[in-house]
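Written below as structure tokens is the structure these notes are about.
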Amino acid sequence: MNEKYKGIFPAFYACYDEEGNVSPERTRKLVKHFMDKGVKGLYVCGSSGECIYQSKEERKLILENVMEEAKGKLTIIAHVAANNTKDSMELATHAESLGVDAIAAIPPIYFRLPEYAVAKYWNDISSAAPNTDFFIYSIPQLTGITLTRSLLHIMLENPKVIGVKSSAMEVEDICEFKLYGRNDLIVFNGEDTQLVAGRSMGADGGIGGTYGVMPELYMELNKLFDNKQIEEATKLQFKVTKIINILTSCKSNLYAIEKEILRRRENIDIGGVRAPLPSYLKDDEEKIELCIKLIDDAISKI
4 MNEKYKGIFP
14 AFYACYDEEG
24 NVSPERTRKL
34 VKHFMDKGVK
44 GLYVCGSSGE
54 CIYQSKEERK
64 LILENVMEEA
74 KGKLTIIAHV
84 AANNTKDSME
94 LATHAESLGV
104 DAIAAIPPIY
114 FRLPEYAVAK
124 YWNDISSAAP
134 NTDFFIYSIP
144 QLTGITLTRS
154 LLHIMLENPK
164 VIGVKSSAME
174 VEDICEFKLY
184 GRNDLIVFNG
194 EDTQLVAGRS
204 MGADGGIGGT
214 YGVMPELYME
224 LNKLFDNKQI
234 EEATKLQFKV
244 TKIINILTSC
254 KSNLYAIEKE
264 ILRRRENIDI
274 GGVRAPLPSY
284 LKDDEEKIEL
294 CIKLIDDAIS
304 KI
């Protein structure tokens with residue numbers, strides 16, 4: 004049953020029209036693009052989807068259009084966390100009504116809550132989608148909340164908690180979750196620069212924001228690891244990490260850069276980014292062209 008969660012899942016980008024509104028047409032086009040590439044599934048309305056800057060209605064509209072194209076064809080995990088329990092539960096109920104495979108949630112941000120309050124927040128969200136699998140999204144460098152062993156054990160009392168998306172910079176977190184979770188716990192590697200390391204520590208697959216501009220490379224990385232070609236996988240990870248390092252050194256927001264690369268490489272225009280994220284700047288032209296060249300060169304060699 005858990006096989007549907009093993010593989011490469013691009014974190015889906017927000018698709019806007021020229022006025023900056025959510026575009027159903029561009030959303031469906033991007034879903035089709037990823038289906039054509041052969042990815043296992045999509046992680047929708049997460050960090051790369053700019054969810055923190057969107058309304059509930061916009062997030063519902065995005066997920067509705069994703070599901071119109073992908074239901075039954077891709078595994079869909081919908082991130083439903085908002086910064087209050089009521090809105091999060093509403094998004095969870097909506098996601099379940101559409102037939103997503105799983106929902107996911109970061110912990111509440113801004114106020115530093117005790118572990119029992121974080122657990123209640125997650126369990127309340129899960130209760131609003133009682134027939135749907137639940138993934139904990141651990142990204143402590145942004146939320147300020149670490150998924151400790153004790154918090155994990157509290158959450159594993161909920162039978163709908165099926166896994167963790169671990170975007171912590173410390174790869175040993177994946178090992179910790181595998182060691183002290185249930186035997187069937189699914190763990191996604193969420194830090195793109197360490198997919199090989201994450202898989203080595205027990206990750207079942209990967210979810211990442213840079214997957215969208217080079218899914219072929221991540222699928223090849225994953226395949227090489229599955230085939231126990233670790234040396235080849237490591238060499239490809241070095242190439243991917245070099246590209247990521249250039250992407251993240253730009254003055255423009257990372258998602259703005261990725262959308263520009265998609266436009267140039269794949270002829271897919273999904274608009275800009277939602278303020279206050281910095282838009283694409285011409286200062287990054289040279290780095291964008293270098294990233295495109297490195298992506299094309301790496302793909303040509305697989």
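The numbers in the sequence shown follow my numbering, run straight up by one, and end at 305. Ideal Cβ placement from N, Cα and C applies to all residues, glycine included.
Out of the options, point me to the one whose CA is closest to residue i's CA.
i: E53; options: E289, S303, L257, I295; result: L257
i: G193; options: S141, T151, D39; result: S141
i: G208; options: L220, M217, E219, I189; result: I189
i: N186; options: L265, H156, L198; result: H156
i: K226; options: V34, I148, L198, E22; result: L198
i: I55; options: I249, N86, G75; result: N86
i: C302; options: D286, V216, N161, D20; result: Checking the sequence, you will find Ile at residue 302 rather than Cys. The residue with the shortest Cα to Cα distance from I302 is V216.
i: S203; options: P218, G147, N230; result: N230
i: L150; options: P27, T135, N134, A122; result: A122
i: G275; options: A236, N24, D136; result: N24
i: V243; options: Y8, K304, E93; result: K304
i: K285; options: K254, D299, R268; result: K254
i: I148; options: N126, F137, I112, P133; result: I112
i: F228; options: Y214, E219, A200; result: A200
i: A84; options: Q57, R277, G102, H36; result: Q57
i: G10; options: S100, P218, G102; result: P218
i: R268; options: L293, L280, L116, P110; result: L293
i: A107; options: M92, R115, E22; result: M92
i: G166; options: I109, Q240, M222, Y221; result: I109
i: D299; options: L220, E235, F241, T251; result: L220
i: E67; options: V103, Y8, E21; result: V103
For a quick check, are the C-beta atoms of residue i and residue j less than 8 Å apart?
i: I260; j: I295; result: no
i: G184; j: L224; result: no
i: A14; j: G211; result: yes
i: I271; j: T196; result: no
i: A131; j: A105; result: no
i: I128; j: V164; result: no
i: K43; j: F12; result: yes
i: G307; j: K181; result: The first residue shown for the chain is 4 and the last is 305, placing residue 307 beyond what the model contains.
i: E175; j: S153; result: no
i: I273; j: Y19; result: yes
i: L297; j: K245; result: yes
i: F137; j: N161; result: yes
Checking the sheet assignment: what are the DSSP bridge partners for residue i?
i: F138; result: A107, G166
i: N192; result: S169, G209
i: I19; result: Residue identity check: residue 19 is Tyr in the sequence provided, not Ile. Per DSSP, V25.
How far does the beta strand (DSSP E) with residue i in it reach, from first residue to last?
i: P133; result: Neither: P133 is in no beta strand (DSSP E) and is coded neither H nor E.
i: Y46; result: 44-47
i: N270; result: Where N270 is concerned, there is no enclosing beta strand (DSSP E), given that its DSSP letter is neither H nor E.
i: A81; result: 78-82
i: F12; result: 11-13
With respect to the alpha helix (DSSP H) encompassing residue i, which residues constitute its N-terminal and C-terminal limits?
i: G275; result: Element bounds for G275: n/a, residue is neither H nor E.
i: F241; result: 233-250
i: N306; result: This structure cannot settle anything about residue 306, because the visible part of the chain is limited to 4 through 305.
i: L280; result: It is not in any alpha helix (DSSP H) - L280 carries neither H nor E in the DSSP assignment.
i: K226; result: 218-229
i: M92; result: 88-101
i: Y294; result: According to the sequence as given, residue 294 is Cys; it is not Tyr. Start and end: 288-303.
Checklist entry - With a cut-off of 8 Å, do at least 3 Cβ pairs link the region 39-54 to the region 66-83? => result yes
Next on the checklist: If contact is defined by three or more beta carbon pairs under 8 Å, each pair taking one atom from either stretch, is the region 170-180 in contact with the region 128-148?
Outcome noted: yes
Checklist entry - Would you say the region 23-35 touches the region 63-72, given that touching needs at least three Cβ pairs under 8 Å? => result yes
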